[in-house]
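>
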Ligand SMILES: [Zn+2]
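Rendered as structure tokens:
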């Protein structure tokens with residue numbers, strides 16, 4: 003059950019990351035949950051198949067019952083982690099909307115320091131000509 007708390011923690015971190023980059027968090031958090039359980043499921047399935055193939059050589063007695071559970075469980079967690087990581091990576095790879103917004107807001111007149119409109123060609127305060135973006 004601790005996984006659920008880890009997932010909630012990741013959801014919060016992803017939400018903060020999205021907002022800091024000027025993006026809505028909802029869909030990315032939804033994607034995170036899908037990627038988490040998807041990664042977990044496929045990694046577990048993959049590990050189970052690998053265990054069944056390798057156990058085929060030694061016989062199904064003890065190997066099939068004891069060791070695979072640990073292997074499958076660890077694989078599932080790694081798969082979930084990998085799924086979550088890829089969503090964080092996706093958000094980081096997307097253009098940072100906030101940075102562009104701030105860049106536009108930071109534009110000020112070189113003469114008097116008055117904030118300028120994004121497409122302004124002259125300062126509204128002192129009339130100094132400025133280069134438009
Ligand atoms: Zn000015």
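Residue numbers (the numbering used here): 3 to 135. Built from N, CA and C at the ideal position, the CB exists for glycine as well. Note that this is a predicted model, so its numbers are computed, not measured.
(1) Kindly indicate which residue of 45, 119, 12, 46 has the alpha-carbon position closest to the one of residue 33.
(2) In the DSSP output, which residue or residues are listed as bridge partners for residue 117?
(3) For residue 125, is the beta carbon positioned less than 6 angstroms from some heavy atom of ligand 1?
(4) With a floor of 3 residues, list each beta strand (DSSP E) that falls wholly inside the segment 3 to 88, ordered by position along the chain.
(5) What's the C-alpha gap between residue 113 and residue 120?
(6) Going straight from the alpha carbon of residue 27 to that of residue 56, what length do you get?
(7) Relative to the alpha-carbon of residue 45, which residue among 90, 23, 71, 122 has its alpha-carbon at the smallest distance?
(8) So, using beta-carbon positions, are residue 177 and residue 41 closer together than 7 angstroms?
(9) Considering only their Cβ atoms, is the gap separating residue 21 from residue 98 smaller than 7 angstroms?
(10) How would you label residue 127, buried or exposed, when you count the other beta carbons within 10 angstroms and need 16 or more for buried?
(11) Tell me whether residue 13 counts as near ligand 1, meaning its Cβ is closer than 6 angstroms to at least one heavy atom of that ligand.
(12) Can you give me the C-alpha to C-alpha distance between residue 124 and residue 130, rounded to a whole angstrom?
(13) Do you know how far the Cα of residue 118 is from the Cα of residue 14?
Looking at the coordinates:
(1) The count along the chain shown starts at 1 and reaches residue 33 at position 31. Residue 33 has its Cα closest to that of 12, out of 45, 119, 12, 46.
(2) For the purposes of this step, residue 117 is taken as residue 115 along the chain shown, with counting starting at 1. Answer by DSSP bridge pairing, in chain order: 110.
(3) Against the chain shown, residue 125 aligns to sequence position 123. In this structure, ligand 1 has a non-hydrogen atom nearer than 6 angstroms to the beta-carbon of residue 125.
(4) DSSP runs (the beta strand (DSSP E)) wholly in the segment 3 to 88: none.
(5) In the chain shown, the residue the question calls residue 113 occupies position 111. In the chain shown, the residue the question calls residue 120 occupies position 118. Cα-Cα distance, rounded: 17 angstroms.
(6) Sequence index remark: in the chain shown, residue 27 carries index 25 (1-based). Sequence index remark: in the chain shown, residue 56 carries index 54 (1-based). Whole-angstrom Cα-Cα distance: 42 angstroms.
(7) Sequence index remark: in the chain shown, residue 45 carries index 43 (1-based). Of the candidates 90, 23, 71, 122, the one whose C-alpha sits nearest the C-alpha of residue 45 is 71.
(8) Because the chain spans 3 through 135 in this model, residue 177 falls outside it and cannot be assessed.
(9) As a position in the chain shown, residue 98 is number 96, starting the count at 1. As a position in the chain shown, residue 21 is number 19, starting the count at 1. No. Outside cutoff.
(10) Counted from its first residue, the chain shown places residue 127 at position 125. With fewer than 16 Cβ atoms within 10 Å of its Cβ, residue 127 is classed as exposed.
(11) Here residue 13 refers to the residue found at position 11 of the chain shown. No, ligand 1 has no heavy atom inside 6 angstroms of this Cβ.
(12) Against the chain shown, residue 124 aligns to sequence position 122. Against the chain shown, residue 130 aligns to sequence position 128. Whole-angstrom Cα-Cα distance: 5 angstroms.
(13) To locate residue 14, count along the chain shown from 1; it is residue 12. To locate residue 118, count along the chain shown from 1; it is residue 116. Taking the straight line from one Cα to the other gives about 35 angstroms.
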